[in-house]
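To start, the structure under review is shown below, and the notes come after it.
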Amino acid sequence: SKQSYAVYRFVISINPSDIAELDATLGNYILHNPLQAAQIFQSVCFVAIKTLSLIEQLQTEAQISILLKPTHLPPLPSYVLSLSTYPFNYTSQRFYMSEGIVIAMGTVTKYTQGARFLCTEETCPFAEGFRCIRVHCPGATESATVRTDFVCSLCSSPLQEDIKFRVLGDKQTVEMIDAKILNALKGYSIEKSYFRIQAFTLFLRDELANKMTIGNHYRIIGIPTCVQNGLQATACIEVNSVQLYKPNGPSSVSDNFKYLLSLTSSSCWRFTAVLANIFASQVVPPGTYNTLKLAILLSLVQTSEKENADYLDLLIMTSDTLVIDRLLNYSLCLLPRGIRHPPSSDIFPSVSKDKHGTGSASIQACSAVLAKGGICYIGDLSSYKKDKLELLQSVLESRTVTVFIPGKKYGEEADQQVTVSVQTNFWSFVDVDSSSKKHIQKDNFLIGQMDVSLIPVNLVDGFGLLIYNEFPSCRLSSPVVHHILKKAMNPEAMLYKVSQQFRTQDYEEFILFARNLHVVLSSEAESLIQGYYLASRRVRRDSIHGSTLSASALKILISLAKAHAKLSLRQTVLEEDAVIAILLLESSLTLKHGTSALCVAPNPVFPFDLSDENSLQQRDIYLIQCHHQLLKFIAAYSPGIHINTHEELDEPRDSSQ
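Those letters in the sequence shown? Residues 1 to 657, per full-length UniProt numbering, in order.
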């Protein structure tokens with residue numbers, strides 16, 4: 001560029017290990033006195049530029065602005081700055097590494113990188129040239145770089161800025177908090193621990209602006225400092241480098257799960273059946289709520305932070321809210337990001353004024369964004385107002401939420417719209433008893449249909465699975481009551497042997513391992529799913545609205561089948577996975593719209609108790625019959641679809657196939 005600037009900015013990437021090997025003194029100086037070390041680089045850059053005649057307009061060394069960007073820091077405790085420990089060392093002015101989750105982001109605004117000042121005394125040597133240059137330093141406010149009361153260091157006359165040489169850059173404020181906050185937001189903690197957590201402000205400048213995404217977990221390298229805003233002092237970090245943090249999942253599952261997998265390898269259905277049967281024995285007795293527990297496990301393994309992930313949301317109709325709430329709360333804690341939404345706050349991002357005195361807008365993360373790659377449990381759906389339910393429906397359909405920022409309110413010329421992605425599974429329930437009291441029930445129900453008219457139809461369709469959890473029958477209620485009473489008297493008691501064999505920690509590792517499996521659909525499973533989908537669209541229709549099967553049903557089927565394969569620790573989705581997915585969805589559709597020509601049982605996946613190997617064998621025979629029935633249904637109502645039928649369909653396949 002032929003234009004002259006007050007400051008020429010250079011970003012220098014530094015590998016501290018390499019420099020320390022070449023010159024230990026210089027390496028130590030960069031790590032512990034980065035602001036002073038930048039002056040060495042400033043001198044070298046100036047000499048190189050003048051010697052090679054790279055920038056003709058450059059006149060003085062003061063015009064060179066250096067940003068040192070370390071690639072990493074030594075993996076030692078003294079270089080780690082915890083956002084949750086006290087004291088927060090912001091006086092050392094050296095590099096630290098820290099990590100946390102972004103909970104708020106401001107809009108990008110401008111700041112002054114550097115400015116040229118001239119002495120107002122004409123005879124002073126500083127009245128011309130580029131001798132008085134002010135450059136932004138870490139933690140400095142705008143008034144520290146540019147204001148009207150600076151005086152000349154030679155003659156003490158007032159300095160005046162030459163405005164046409166001012167260099168502007170982008171600035172963004174970000175609020176980050178220690179990842180331990182996720183434990184506090186679960187609503188129920190497996191580990192009883194107490195800690196203090198405070199959010200800290202990060203300043204992202206120039207090329208780092210918009211490098212962070214709200215809700216993500218990052219590792220940063222920066223210089224802690226203290227910003228004075230009137231009488232209030234705020235500890236913050238000037239960020240030099242940003243890296244997305246992705247923790248490694250477990251490399252395998254526990255030996256007990258491996259042994260269980262080998263014991264049940266004779267059938268593709270048995271492992272997940274036993275898994276659901278014994279799951280959450282700390283909260284409910286084994287053998288109770290099996291369909292719901294299977295759905296929970298499927299939703300847990302179908303969590304991901306990828307953009308086009310398969311989601312699996314759960315809506316539970318129940319009159320047993322206390323036990324269901326405990327079960328969902330317990331299940332949340334098995335994921336690193338399981339968030340129980342507090343009713344007093346917003347589910348989705350909101351806008352507030354930036355608290356650092358800039359007047360700009362700041363987007364707050366809220367529950368759904370903090371649950372990224374996990375579960376957001378929003379409690380009783382009937383307790384939310386109409387506008388909140390409409391927003392939830394929109395998010396379930398698009399997996400994004402648009403935040404409107406009025407320009408006039410936040411000092412901008414134009415209004416802005418910021419789209420935030422919502423990558424989480426939603427769990428909720430509806431209390432059947434309380435909802436029935438709030439409105440008059442309809443009389444014209446179809447066979448198998450439930451009254452869900454309290455919740456908008458489109459919102460019910462937005463949830464992947466609708467599950468009706470009846471209050472346990474007299475035969476089952478006794479173990480549940482005994483369990484609740486025993487736990488009330490001794491909360492730490494292990495009531496069942498299976499709780500010792502398959503601990504909560506084992507389930508945590510299992511779910512983290514299973515959800516990271518990459519699964520692919522086999523051609524047989526794909527044909528079965530497509531055949532059922534097309535047949536159901538033809539069967540489930542009326543003369544007014546057309547097909548009652550939502551467009552998202554195919555996605556839900558594929559998501560369910562993939563989740564069942566993951567839960568079975570397989571990387572290929574088999575027909576058996578598709579059968580379970582279809583039975584779960586058909587059961588859900590029956591609750592919404594009534595029974596269809598397929599006519600599944602009220603509890604199609606677990607038609608009877610699983611007490612021994614014989615009952616597992618009986619279940620396999622039942623599911624094979626369901627598979628036969630499904631093939632006949634597809635042949636009758638979707639004859640154009642070619643379905644591969646196994647000659648050995650009368651026998652369950654080995655799960656290793």
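From the three backbone atoms N, C-alpha and C, an ideal C-beta is built for every residue, glycine too.
Alpha carbon to alpha carbon, what distance is there between Lys50 and Glu56? Walking along the sequence shown from the start, residue 56 turns up at place 56. Walking along the sequence shown from the start, residue 50 turns up at place 50. Approximately 8 Å between the Cα atoms of the pair.
Boundaries of the alpha helix (DSSP H) in which Leu244 is found, first to last residue: By 1-based counting over the sequence shown, the position of residue 244 is 244. Unbroken run through Leu244 is the beta strand (DSSP E), Gln232 to Leu244; no alpha helix (DSSP H).
Looking at C-beta atoms only, is the number of pairs between the region 556-571 and the region 294-302 that lie closer than 8 Å three or more? yes
What residue does the beta strand (DSSP E) around Glu526 start on, and which one ends it? Within the sequence shown, residue 526 is the residue found at index 526, counting from 1. Not the beta strand (DSSP E): Glu526 falls in the alpha helix (DSSP H), residues Ser523 to Val539.
I'd like the list of long-range same chain contacts for Ala535, defined as Cβ closer than 7 Å, with 5 residues on each side in sequence excluded. Within the sequence shown, numbered from 1, the residue matching residue 535 stands at position 535. Correct list, in chain order: Phe633, Ile634, Tyr637 and Ser638.
Among the residues of its own chain, which have a CB less than 8 Å from the CB of Pro16, if the five just before and after it don't count? Indexing the sequence shown from 1 puts residue 16 at position 16. Counting only Cβ-Cβ distances below 8 Å, and skipping sequence neighbours, we find Gly27, Ile30, Leu31, Pro70, Thr71, His72, Leu73 and Pro74.
Could you give the DSSP three-state label for Ser428: helix, strand or coil? Within the sequence shown, numbered from 1, the residue matching residue 428 stands at position 428. Note: Ser428 maps to strand in three-state DSSP.
For Leu476, I'd like the list of residues in its chain whose CB is within less than 7 Å of its CB, leaving aside the five on either flank, ordered along the chain. Your numbering for residue 476 matches position 476 in the sequence shown. With a pLDDT of 46 at Leu476, under the threshold of 50, the modelled position of that residue is not reliable, and the figure given next carries that caveat. For Leu476, where only same-chain residues beyond five positions count, the Cβ hits under 7 Å are Thr288.
Thr572: which of Glu613, Glu526 and Ser552 sits nearest, CA to CA? For this step, residue 572 is matched to residue 572 along the sequence shown. Of the listed residues, the one whose Cα sits closest to Thr572 is Glu526.
Please say whether Asp506 and Asn308 have beta carbons closer to each other than 9 Å? If you number the sequence shown from 1, residue 308 lands on position 308. If you number the sequence shown from 1, residue 506 lands on position 506. Contact: no.
Between the C-alpha atoms of Lys437 and Glu586, what's the straight-line distance to the nearest angstrom? Stepping through the sequence shown from its first residue, residue 437 is reached at position 437. Stepping through the sequence shown from its first residue, residue 586 is reached at position 586. For Lys437, the predicted model reports a pLDDT of 49, less than 50, meaning its position is unreliable; a value from the coordinates is still stated below. Inter-residue distance for Lys437 and Glu586 is about 28 Å (C-alpha atoms, whole angstroms).
With a floor of 4 residues, list each alpha helix (DSSP H) that falls wholly inside the region 272-310, ordered by position along the chain. The qualifying runs are 290-301.
Is Arg570 buried or exposed, if buried means 16 or more other CB atoms sit within 10 Å of its CB? Looking up residue 570 in the sequence shown gives position 570. A buried status is given to Arg570, since no fewer than 16 other beta-carbon atoms sit within 10 Å of its beta-carbon.
Can you list, in chain order, the residues of its chain whose CB lies under 6 Å from that of Thr272, leaving out five sequence neighbours each side? As a first step, residue 272 must be located in the sequence shown, where it is residue number 272. Counting only Cβ-Cβ distances below 6 Å, and skipping sequence neighbours, we find Leu567 and Ser568.
Restricting to Cα atoms, I'd like to know which of Leu459, Gln364 and Val481 is closest to Tyr384. Taking the first residue of the sequence shown as position 1, residue 384 is located at position 384. Checking every option, the nearest Cα to that of Tyr384 belongs to Leu459.
Within the UniProt domain "MCMDC2 N-terminal" (1-73), ranges of the beta strand (DSSP E) (whole runs, at least 3 residues): As summarised for the UniProt domain "MCMDC2 N-terminal" (1-73), the continuous beta strand (DSSP E) elements at least 3 residues long and confined to that stretch are 8-14 and 64-70, given in chain order.
Residues in its own chain within less than 7 Å of Val539 by CB, not counting five upstream and five downstream? In the sequence shown, counting from the first residue as 1, residue 539 sits at position 539. Only Ser596, Ala597 and Tyr637 meet the Cβ criterion.
Given that a residue counts as buried once 16 or more other Cβ atoms are within 10 Å of its Cβ, and exposed if not, what is Ala488? Against the sequence shown, residue 488 aligns to sequence position 488. Exposed: under 16 other Cβ atoms inside 10 Å.
From Cys268 to Asn329, what does the alpha carbon distance come to, in whole angstroms? Against the sequence shown, residue 268 aligns to sequence position 268. Against the sequence shown, residue 329 aligns to sequence position 329. About 29 Å.
Looking at Phe203 and Val174, is the spacing between their C-beta atoms short of 9 Å? The sequence position of residue 174 within the sequence shown is 174, counting from 1. The sequence position of residue 203 within the sequence shown is 203, counting from 1. In contact: Val174 and Phe203 (Cβ atoms closer than 9 Å).
Under the three-state DSSP convention, the category Phe463 falls into: Within the sequence shown, the letter at position 463 stands for residue 463. Phe463: coil per DSSP, three-state reduction.
Comparing C-alpha positions only, which one of Leu512, Gly374, Val432 and Ala209 sits nearest to Glu238? Taking the first residue of the sequence shown as 1, we reach residue 238 at position 238. When each option's Cα is compared against that of Glu238, the closest is Ala209.
Closest by C-alpha distance to Thr109, when choosing among Thr145, Leu168 and Arg537: Walking along the sequence shown from the start, residue 109 turns up at place 109. Minimum Cα distance to Thr109 is reached at Leu168.
The region 217-237 / the region 92-99 touching (three or more Cβ pairs under 8 Å): Touching, yes.
Using a threshold of 9 Å, state whether the C-beta atoms of Leu260 and Leu466 are closer than that. Numbered from its first residue, the sequence shown carries residue 260 at position 260. Numbered from its first residue, the sequence shown carries residue 466 at position 466. Not a contact, by the Cβ cut-off of 9 Å.
Where does Thr109 sit, in a helix, a strand or coil, going by DSSP? Counted from its first residue, the sequence shown places residue 109 at position 109. Thr109 sits in a strand when the DSSP states are folded into three classes.
Going by the CB atoms, is the gap between His627 and Val579 shorter than 9 Å? Taking the sequence shown and counting its residues from 1, one reaches residue 579 at position 579. Taking the sequence shown and counting its residues from 1, one reaches residue 627 at position 627. Their beta carbons are under 9 Å apart, which means Val579 touches His627 by this criterion.
How long is the line joining the alpha carbons of Gln617 and Val605, rounded to whole angstroms? Position 617 of the sequence shown holds residue 617. Position 605 of the sequence shown holds residue 605. The alpha-carbon atoms of Gln617 and Val605 are separated by roughly 14 Å.
Considering only the beta carbon of each residue, do Ser382 and Cys376 sit closer than 9 Å? Here residue 382 refers to the residue found at position 382 of the sequence shown. Here residue 376 refers to the residue found at position 376 of the sequence shown. Contact check for Ser382 against Cys376 fails: the beta carbons are separated by 9 Å or more.
What is the residue span of the alpha helix (DSSP H) that Ser331 lies within? For this step, residue 331 is matched to residue 331 along the sequence shown. Residues Thr321 to Leu332.
What are the boundary residues of the beta strand (DSSP E) that Asp380 is part of? Locating residue 380 in the sequence shown gives position 380, counting from the first residue. Where Asp380 is concerned, the enclosing beta strand (DSSP E) stretches over Ile375 to Asp380.
How far does the alpha helix (DSSP H) with Glu175 in it reach, from first residue to last? Counting from 1 along the sequence shown, the entry for residue 175 is found at position 175. Element bounds for Glu175: not the alpha helix (DSSP H) but the beta strand (DSSP E), Val167 to Ile177.
Leaving out five residues on either side along the sequence, give the residues of the same chain with a beta carbon under 8 Å from the beta carbon of Asp620. One-based indexing of the sequence shown puts residue 620 at position 620. These residues qualify, in order along the chain: Ser267, Trp269, Arg270 and Pro652.
Give the single residue among Thr91, Gln416, Ala62 and Ser157 whose Cα lies nearest to the Cα of Gln113. Start at 1 with the first residue of the sequence shown, and residue 113 comes out as number 113. Among Thr91, Gln416, Ala62 and Ser157, the Cα nearest to that of Gln113 belongs to Ala62.
So, under 8 Å CB-CB, Arg326 and Val283 are touching, yes? Tell me the CB distance rounded to an integer number of Å. Position 326 of the sequence shown holds residue 326. Position 283 of the sequence shown holds residue 283. Indeed they touch by this definition, with Cβ atoms about 5 Å apart.
What number of angstroms, rounded off, separates the C-alpha of Ile19 from the C-alpha of Ser13? The residue labelled residue 19 in the question sits at position 19 within the sequence shown. The residue labelled residue 13 in the question sits at position 13 within the sequence shown. If I take the Cα positions, the gap works out to 11 Å.
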